[in-house]
Structure formats: structure tokens, C-alpha cells
Amino acid sequence: AHIYTILINCFCHLKQTALGFSVLATMLKLGEEPDTVTLTTLVNGLCVEGKVEDAHKLFVEMAAMGYQPNNFTYGAIINGLCKRAKPDAAIACLREMEAACLELNSIHYSTIIDCLCKVGLVNDALKLCSEMTSKGIKMDTITYNILIDGLCLSGREREVGFLLEQMMRSEIYPNQYTFTVIVNAYCKDGRTEEVERVINSMVQRGLEPNIVTYNSLIDGYVLKNQMGKAQEVFHLMIEKSCSPNVITYSSLIHGYCKVKMIKEALSLFKEMVNAGLRPN
RNA sequence: CUGCGAAGCACA
């Protein structure tokens, strides 16, 4: 089942769950028994494609056939519901796990906390944080990243410092996501001057800016119509062997169009295609 | 004993 599951998981990540199911059919024909991992992989595939109802059907079926849904299966369903912005249903799922005496972990909580933040319910998200902590489930770097991003999205950036302190005190360390979330918040807020300081402290911790960090900064300059600055970052990233992607080019092209520098925009478009990137 | 067979975070 192992090797088949790997294949199924590949199809699921390509959003080709239907092909994943045909692999399952092949398994059955060959007399190879799927296991809980195989079926959970398919549940996740359906969730990733946004077909949470189908995922739930499979979830019920697998339970009926004696494949007990576990932490991972519930995790996939919760994630599916969260990606469809259904925090209430996701929380109901969490309660169902409790009733089934399954052990909740930081992934289950973080998934829902992220969803609440993204729909603007940061206070509910913070409540869930207290709940998980009171159950002895530790917030990890991802949980903090989610909250920091959530606070920024809700214009509550002033509370981020407190969160970072709490993070360090708990010996949970920031990673590239953490810093990039902060860089992005500053950029969206037009505070590109403060980004250099953030990137310095990032590098001091041995963390290099990555493509998302650079893209955020480029877009920050684009927002302010500072195309010269944007171009500088573009060159800097290339110098650091960080290859621009479609997002990088889209930002820059948008920026040049905004300031009516159409030639530059078009030449970037060509450059992008020449680099083997497909316009979307 | 360890290792990527399954679930959570950032950019246009």
C-alpha cells in the first residue's frame, strides 16, 4: 500500500484526485489492500480540490468499512473546511474529535486559528489559542506566524511585538515565514523604510530572505510607485541566486504599467517568457 | 534507531 499511497499523494497534490482514485481501483484489482493512510490521502486530495462534501462522504465510508479516521484524517477534513472559510464546521469537527477521544494537536488548532484570522475573527482565534494552551498543547512557530499575520491583516500590528516577546520567552523561534509576514505587513502599510531593519535581524539569525520576502518588498515599492527601488530589489534577488517567478514579474509589470512605462513593462514580459515562465 | 506513504503558516 505504501508505494501506491505515494503515487496517490502525488496526484492529489497535482489536484488530480480522480487519478488518485484510479490508482485505488488498480490496487483493488491487484488485490492490494489500501490502509488508513491511503484513504486519508484521498480524503485530503478531495479537500485540497475544495470538494469537502465528497471528502466527508469518503470519511464516513472508510469508518463504516473499519478504517478508523485518525488525527490525520480529521486534520485533512478540518483543513478542507477552513480553506472553504467554514470555521464553525471546522470547530464542530474539533469537538467531534474530543468526543471520540482523539488527541488534538497544534495542527488541528492552528488550521482553525488561521481560518478565523483570515475571515477577520482574530479575537476568536486568540480564544482558541488560550484553549489549546490550557489543554497543554504548545503553540509552535506556525501558530505564531498565523497570529502575527492575522493581527497585521486586522490592523492590530501594535500587538505583534508582544507576541514576538512571548514567542522568544517560550523558546519558539521565528523562521523565514515569520520575518516575511512582518516584511509584508510593513510593505502593505507603505513602511518600506522599516523593512531593512527587519531583514537585518532576519539575517542576523541566520535566516536568508527568500523569494516571497523579495516579492513582498518589490510589491511594497510598486505600491508607492518607486520603480527604481523595486528594480534594485529585483537585481539584488538575482544576485543572490534567487530566481524571480511569475509573481515577481507580475508585480513589476503592474508597477511599470501604473507609472505608464509601458516599454519597460513589455520588456519584462518578454524577459519572463524567455526565462521559461508561463504568463498566467 | 533514523529517514519524504497522509493533515496547518507568508507574496502579484
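Counting from 30, one number per residue, gives the positions in the first sequence under the numbering used here.
All C-beta atoms, glycine included, are put in the ideal place defined by N, C-alpha and C.
Nearest by alpha-carbon distance to residue i: which of the options is it?
i: residue 328; options: 213, 202, 147 and 188; result: Nothing in the structure corresponds to residue 328, since the chain is present only between 30 and 309.
i: residue 102; options: 112, 115, 84 and 94; result: 84
i: residue 294; options: 112, 133, 278 and 303; result: 278
i: residue 138; options: 148, 130, 128 and 155; result: 155
i: residue 95; options: 121, 127, 65 and 78; result: 65
i: residue 124; options: 112, 143 and 104; result: 104
i: residue 308; options: 98, 121, 276 and 49; result: 276
With DSSP run on the structure shown, which of helix, strand or coil describes residue i?
i: residue 303; result: helix
i: residue 289; result: coil
i: residue 51; result: helix
i: residue 63; result: coil
i: residue 195; result: helix
i: residue 161; result: helix
i: residue 33; result: helix
i: residue 271; result: coil
i: residue 109; result: helix
i: residue 119; result: helix
I think residue i touches residue j, with their Cβ atoms under 8 Å apart; what is that distance to the nearest whole Å?
i: residue 63; j: residue 92; result: With a Cβ gap of about 14 Å, residue 63 and residue 92 do not count as contacting.
i: residue 178; j: residue 210; result: 5 Å
i: residue 245; j: residue 213; result: 4 Å
i: residue 70; j: residue 106; result: About 13 Å separates the two Cβ atoms, so there is no contact after all.
Is residue j closer than 8 Å to residue i when the C-beta atoms are compared?
i: residue 173; j: residue 157; result: no
i: residue 77; j: residue 39; result: no
i: residue 166; j: residue 145; result: no
i: residue 274; j: residue 240; result: yes
i: residue 247; j: residue 280; result: yes
i: residue 316; j: residue 152; result: Nothing about residue 316 can be reported from this structure: the residues present for the chain run from 30 to 309 only.
i: residue 297; j: residue 282; result: yes
i: residue 232; j: residue 256; result: no
i: residue 148; j: residue 109; result: no
i: residue 269; j: residue 219; result: no
Classify residue i as buried or exposed, calling it buried when 16 or more other Cβ atoms lie within 10 Å of its own Cβ.
i: residue 72; result: buried
i: residue 119; result: buried
i: residue 116; result: buried
i: residue 259; result: buried
i: residue 286; result: exposed
i: residue 266; result: buried
i: residue 175; result: buried
i: residue 161; result: buried
i: residue 197; result: exposed
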